[in-house]
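Residue numbers (my numbering): 157 to 732.
Where is the CB? At the ideal position from N, CA and C, for every residue including glycine.
Reviewing the structure listed below.
The following block contains the structure:
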């Protein structure tokens, strides 16, 4: 069921097409629609009067006055050039699609009785035909000597253009050189200047397809554009169908790249010519496309995307499209789409983001591509969280660490959310005795790379005892910095020292017991030994004395080197 507003618009159209005089009984559909809204025929007649009163008829009055004052109409004819003059005069008040049917509704009725004459089949909805009454048409046929083009009779250049459009292959044979068409132009127009303009096309345009298009639209600027077996009168109609599939989209892009659309629009529709671009590459085509209607889709690797958000949603779910998205960014295709959507600020921010990625120095060539796509995702969808990194644990304390052996601590980094990010890991203060094992870690959730580990290594013997060290492990990405505080202090290893003393005391006791037990056996020293006088020579020493002396020196050396070994092994500072 139609709304009241739609019913009123239908009434207004009927008033226009019937020169403001509507007999509602001739329109049963109108009566049926009105009854659905509760209007009987009497109430409908009242509604017609109300719509008439609410309509601004001033532009229509000017059209009517121009038709009555037209010398061409007075001679019984009306041509496309006459229609264009009227359309131009009221363009600020009425669109062409309302002016054309209004003119036709007037000249096709009494007292004019014009009909479309020169083209077959006649077109009752435009001015592609000459509109004449019977007498004027007879006079015209008697005055004009017909010519034959592609074996079809023609009396106007427009007819030659129409024939060439319908019989393309045959016409292109005649257009390979200028032997055939220019003489016919002279016969029909008796105007050498018109003939020269066509000869110039032959001289300047060497591409036969483009020459054909230039000529037919110069002959008849009411001809449609042929694409994929259909014809189109407006660029909007053409692009609407061309955007239906990727295959048609590519074909349309190719025609634009060859300049075919440029020829059509420049010759036929100067108003739509403003959408054309100087460059004919893909970016030029996309600029043209989104100038006409920025709601047209974007195709990436055969898949249709109706909005940038739809594209970024796909990127969040699969990494397959990331290389394709980067290629489109690198070629400027996505930026052209964004500009067409009046989102130039995205392009400005993308340039800044790419500059940040490059200047960070974090990324390899392949990683740079992933980071660029991630930047795009966050620009298009600000609600999408940035790929941040969390540390477990968030802080570390090594207070009162005994200076006995190295300390190693694993810190796990986790990707919070999804996407791609690479981080640089470093200490905010570098000094001997504290280090980390990695400088860079990358995370990419779409390949299940969500975690990473770093190892903090502490060499207590390289640190000063009883001093507190405060240092931060800094995890830096292009989005944020995460600080992991670390507190360290080194103390004398009392427990280890006591245990080692006990161990070596036991070893020393065993060593002395061994010496005591084997000394008598080895040297058999006599109990009744007499003290030697000062005159005793070395030959008077008892047997085994040298062995005893060696054992004594071995004992002293063992004690000394044991002390050195313990000191070296268990020192509490590297400078000890």
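Residue 605 is bridged by DSSP to 600. A straight-line Cα-Cα distance of about 60 Å links residue 396 and residue 592.
The Cβ atoms of residue 614 and residue 581 lie no closer than 7 Å to each other. Annotated three-state conformation of residue 557 is strand, per DSSP. Taking 7 Å as the cut-off, the beta carbon of residue 443 is found no closer than this to the beta carbon of residue 390. Residue 286 counts as buried, since no fewer than 16 other beta carbons sit within 10 angstroms of its beta carbon.
Under the 10 Å beta carbon count, residue 387 is surrounded by fewer than 16 other beta carbons and is classified as exposed.
Burial is judged here by how many other beta carbons sit within 10 angstroms of a residue's own beta carbon; residue 194 has fewer than 16 and is exposed. One Cα belongs to residue 632, the other to residue 638, and the distance between them is close to 6 Å. Judged by their CB atoms, residue 255 and residue 218 are not nearer to each other than the 7 Å cut-off. In the DSSP assignment, the residues bridged to residue 271 are 288. When the Cα atoms are used, residue 515 and residue 609 turn out to be separated by approximately 25 Å.
Among the bridge pairs identified by DSSP, residue 460 is matched with 455. In the DSSP secondary-structure assignment, residue 305 is bridged to 308. Residue state for residue 231 is assigned as coil, using DSSP reduced to three classes.
The count of Cβ pairs closer than 8 Å, one atom from the stretch 554-570 and one from the stretch 522-538, stays below three, leaving the stretches out of contact.
Per DSSP, reduced to three states, the secondary structure at residue 564 is strand. The closest CA to that of residue 377, considering only 236, 453, 604, 399, is found on 236. In this structure, the straight-line span from the alpha carbon of residue 267 to that of residue 333 is close to 47 Å.
Put simply, the backbone Cα of residue 577 is about 52 Å away from that of residue 380. The Cβ atoms of residue 619 and residue 646 lie closer than 7 Å to each other. Scanning 488, 584, 399 for the CA closest to the CA of residue 451 turns up 399. For residue 424, the enclosing alpha helix (DSSP H) begins and ends at 416-424.
Just measuring C-alpha positions, the residue of 362, 412, 648, 531 sitting nearest residue 560 is 648.
In this structure the stretch 330-350 lies against the stretch 364-373, because at least three pairs of beta carbons, one per stretch, are closer than 8 Å. Distances from the CA of residue 498 to each of 223, 449, 440 were compared; the closest alpha carbon is that of 449.
Assignment of residue 446 by DSSP, reduced to helix, strand and coil, places it in the helix class. Residue pairing of residue 637 in beta bridges, as defined by DSSP: 632. For residue 547, the enclosing beta strand (DSSP E) starts and ends at 544-548. Excluding five sequence positions before and after residue 157, the CB atoms of its chain that fall closer than 6 Å to its own CB belong to 192, given in chain order. Per the coordinates, the alpha-carbon of residue 476 lies some 12 Å from the alpha-carbon of residue 483. Boundaries of the alpha helix (DSSP H) harbouring residue 191: 184-192, taken from the DSSP string.
Closest option to residue 479, judged by alpha-carbon separation, among 282, 496, 469, 457: 457. Bounds of the alpha helix (DSSP H) holding residue 256 are 252-263. Between the stretch 193-212 and the stretch 165-179 there are three or more inter-stretch CB-CB distances shorter than 8 Å, so the stretches are counted as touching.
Looking from the CA of residue 530, the closest CA among 518, 500, 471 belongs to 471.
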